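Asks: So that we are looking at the same thing, I have put the structure below in structure tokens.
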Amino acid sequence: MVNKTDFTQLSRFVTYAQKRFALPLLAGCLADARAQPDIPSRAVGLSLVLGEVVHIPSLLQLQAETKLPQWQRWVGYPQEISHDTFGYASARMDPVQLRRAGIWICRKLKRGKAFEESKTHGLLAVSLDANEQFCSDHRCCEDCLSREVICKDAQGQEVKKTQYYHKQVYAQLSGPRLSVMLDVEPMRLGEEECAAALRLLRRMRQTYGPRFFDLVVVDSWYTNGPFLKTVAQELGWPVVAVLKQERYDIYQEALALTGGSLQKAAPLLGLSYRTIRYLIGKYDLNQVRKAEKRNGNGDRNPF
Ligand SMILES: [Zn+2]
Numbered sequence: 412m413v414n415k416t417d418f419t420q421l422s423r424f425v426t427y428a429q430k431r432f433a434l435p436l437l438a439g440c441l442a443d444a445r446a447q448p449d450i451p452s453r454a455v456g457l458s459l460v461l462g463e464v465v466h467i468p469s470l471l472q473l474q475a476e477t478k479l480p481q482w483q484r485w486v487g488y489p490q491e492i493s494h495d496t497f498g499y500a501s502a503r504m505d506p507v508q509l510r511r512a513g514i515w516i517c518r519k520l521k522r523g524k525a526f527e528e529s530k531t532h533g534l535l536a537v538s539l540d541a542n543e544q545f546c547s548d549h550r551c552c553e554d555c556l557s558r559e560v561i562c563k564d565a566q567g568q569e570v571k572k573t574q575y576y577h578k579q580v581y582a583q584l585s586g587p588r589l590s591v592m593l594d595v596e597p598m599r600l601g602e603e604e605c606a607a608a609l610r611l612l613r614r615m616r617q618t619y620g621p622r623f624f625d626l627v628v629v630d631s632w633y634t635n636g637p638f639l640k641t642v643a644q645e646l647g648w649p650v651v652a653v654l655k656q657e658r659y660d661i662y663q664e665a666l667a668l669t670g671g672s673l674q675k676a677a678p679l680l681g682l683s684y685r686t687i688r689y690l691i692g693k694y695d696l697n698q699v700r701k702a703e704k705r706n707g708n709g710d711r712n713p714f
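Position one of the sequence shown corresponds to residue 412 (our numbering), numbered consecutively onward.
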């Protein structure tokens, strides 16, 4: 069961969400494709959202929470909801509708200046990263990705087997107090992370517009292939790539292209020199220092 502190916080969350985000109206986006459902989609969807807010780890435990009279008042349904119903209904929810609700919330947050604290030198950066879920050796669905892995059998012999999993690219605004997921895109069979990331950014440019955030932050993985060029030139967002030790070459290449000067590189990226120094410093200062030392381009005037 949810402990007392969580319960009080949940109660405050519901009041706040009802007032600021029209929670009952928003719950309309949680509709699922069950034909003639006994339990309204809204109650199922709201229970799933509230369960997420207090980190309820399983649908079975969520079922137990729905026995509480207070919970039943929050979600507007006077009975227990079974874990089967949660599973069945959530498999039939429409991702387009859920995404629409997410965009609506994020826009409202932006208008309410909720992302001001997340800005770096006045710029709002969205970070892209991929995460994997639902790994299985036995079960798969038509959207599963797969890979061959080598493991040991009961006799200690190495055997090859196929593993199935799902992987998504997430676009997140991170801040000291508030981190928000703007959108998410599943990777398709046979494609690279960068391809899903580009699909995600292209959609976000349409749904959020080009000025919702100012730049894109990615890890060194995305510096392969045409990703950087496409985002900067086609979509018009500057990219900050967080380079790992083994990717000095990229940084050095950028320096070489601009005659070894970050100051010259800055206008090419559409950012001020000061901001670039700050961003690089924030993410990978030691690497930059080492690379500059090797290039004989020690910067004596940081900012
Ligand atoms: Zn699957």
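Ideal placement from N, C-alpha and C gives every residue a C-beta, glycine not left out.
Bear in mind the structure is a predicted one, so any value in this text is a computation, not a measurement.
(1) What is the DSSP secondary structure of R558, reduced to helix, strand or coil?
(2) Measuring only the C-alpha atoms, how far is L600 from D554?
(3) Is it right to say M615 is buried, meaning 16 or more other beta carbons lie within 10 angstroms of its own, or is it exposed?
(4) Going by C-alpha distance, which of F526, P468, D443 is nearest D505?
(5) Classify G567 as buried or exposed, calling it buried when 16 or more other Cβ atoms lie within 10 Å of its own Cβ.
(6) State the DSSP-derived secondary structure class of H549, mapped to helix, strand or coil.
(7) In whole angstroms, give me the CA-to-CA distance for V627 and P649.
(8) Should H577 be listed as close to ligand 1, given that the test is whether its C-beta is under 7 Å from any heavy atom?
(9) Select from R484, R445, K521 the residue whose C-alpha is nearest the C-alpha of S458.
(10) Buried or exposed for P637, going by 16 or more other Cβ atoms inside 10 Å?
(11) When the Cα atoms are used, what is the spatial distance from E596 to V580?
(12) Under 8 Å Cβ to Cβ from S501, same chain only, skipping five residues before and after it: list those, please.
(13) How about C552 and L509: are their beta carbons less than 8 Å apart?
(14) Assuming P597 is part of the beta strand (DSSP E), what are its boundary residues?
(15) Quick check: the stretch 572-588 against the stretch 519-530, are at least 3 beta-carbon pairs closer than 8 Å?
(16) Taking the straight line between their C-alpha atoms, what separation do you get for R503 and S493?
(17) Which residues in the same chain as Y575 place their Cβ atom closer than 6 Å to its Cβ, once the five residues preceding and following it in sequence are excluded?
(18) On the CB-based measure, 16 or more other CB atoms within 10 Å of its CB, does F624 come out buried or exposed?
(19) Short of 8 Å in beta carbon distance, which residues of its chain neighbour F432, apart from the five on each side in sequence? Order them along the chain.
(20) What residues match up with M504 in a beta bridge as DSSP calls it?
(21) Would you mind working out which of V591, R610, M592, S590 sits nearest M598, comparing C-alpha positions?
(22) May I have the straight-line CA-CA distance separating A606 from A446, to the nearest angstrom?
(23) Find the nearest neighbour of A652 within the set Q644, L639, E476, judged by alpha-carbon distance.
Replies: Considering the structure as presented:
(1) As a first step, residue 558 is located in the sequence shown; it is residue number 147 there, counting from the start. In this structure, R558 counts as strand in the three-state DSSP scheme.
(2) Mapped onto the sequence shown, residue 600 falls at position 189. Mapped onto the sequence shown, residue 554 falls at position 143. Spanning the two alpha carbons is a distance of roughly 7 Å.
(3) If you number the sequence shown from 1, residue 615 lands on position 204. Result: buried.
(4) For this step, residue 505 is matched to residue 94 along the sequence shown. Closest in C-alpha terms to D505, from the list F526, P468, D443, comes D443.
(5) Taking the sequence shown and counting its residues from 1, one reaches residue 567 at position 156. Exposed, since its Cβ has fewer than 16 Cβ neighbours within 10 Å.
(6) Mapped onto the sequence shown, residue 549 falls at position 138. H549 falls in the coil class under three-state DSSP.
(7) On the sequence shown, position 216 is the one that residue 627 refers to. On the sequence shown, position 238 is the one that residue 649 refers to. If you take the alpha carbons of V627 and P649, they lie about 6 Å apart.
(8) Within the sequence shown, residue 577 is the residue found at index 166, counting from 1. Yes, Cβ of H577 sits closer than 7 Å to a heavy atom of ligand 1.
(9) On the sequence shown, residue 458 is found 47 positions in, with the first residue counted as 1. Among R484, R445, K521, the Cα nearest to that of S458 belongs to R484.
(10) Your numbering for residue 637 matches position 226 in the sequence shown. When all chains shown are included, P637 counts as exposed.
(11) Position 185 of the sequence shown, counted from the first residue, corresponds to residue 596. Position 169 of the sequence shown, counted from the first residue, corresponds to residue 580. Approximately 5 Å, taken between the alpha carbons.
(12) Within the sequence shown, the letter at position 90 stands for residue 501. Excluding residues within five positions, the ones whose Cβ falls inside 8 Å are D443, V455, L459.
(13) Residue mapping note: residue 552 aligns to position 141 of the sequence shown, counting from 1. Residue mapping note: residue 509 aligns to position 98 of the sequence shown, counting from 1. Going by C-beta atoms, C552 is not nearer than 8 Å to L509.
(14) Counting from one through the sequence shown, the residue named residue 597 turns up at place 186. Start and end: 591-597.
(15) The answer is yes - the stretch 572-588 touches the stretch 519-530, with three or more Cβ pairs under 8 Å.
(16) If you number the sequence shown from 1, residue 503 lands on position 92. If you number the sequence shown from 1, residue 493 lands on position 82. When rounded, the distance between both Cα atoms is 16 Å.
(17) Counted from its first residue, the sequence shown places residue 575 at position 164. For Y575, the CB contacts under 6 Å within the same chain, skipping 5 residues up- and downstream, are S547, C551, C555, S557 in chain order.
(18) Here residue 624 corresponds to residue number 213 of the sequence shown, with the count starting at 1. Counting Cβ neighbours within 10 Å, F624 comes out buried, since at least 16 surround it.
(19) Indexing the sequence shown from 1 puts residue 432 at position 21. Within the same chain, F432 has close Cβ partners I516, K519.
(20) Against the sequence shown, residue 504 aligns to sequence position 93. DSSP, once it has assigned bridges, lists D443 as partnering M504.
(21) Looking up residue 598 in the sequence shown gives position 187. Cα-wise, what sits closest to M598 is R610.
(22) Start at 1 with the first residue of the sequence shown, and residue 606 comes out as number 195. Start at 1 with the first residue of the sequence shown, and residue 446 comes out as number 35. Here the alpha carbons of A446 and A606 stand approximately 36 Å from one another.
(23) Here the question's residue 652 lines up with position 241 in the sequence shown. For the residues Q644, L639, E476, the minimum Cα distance to A652 belongs to L639.
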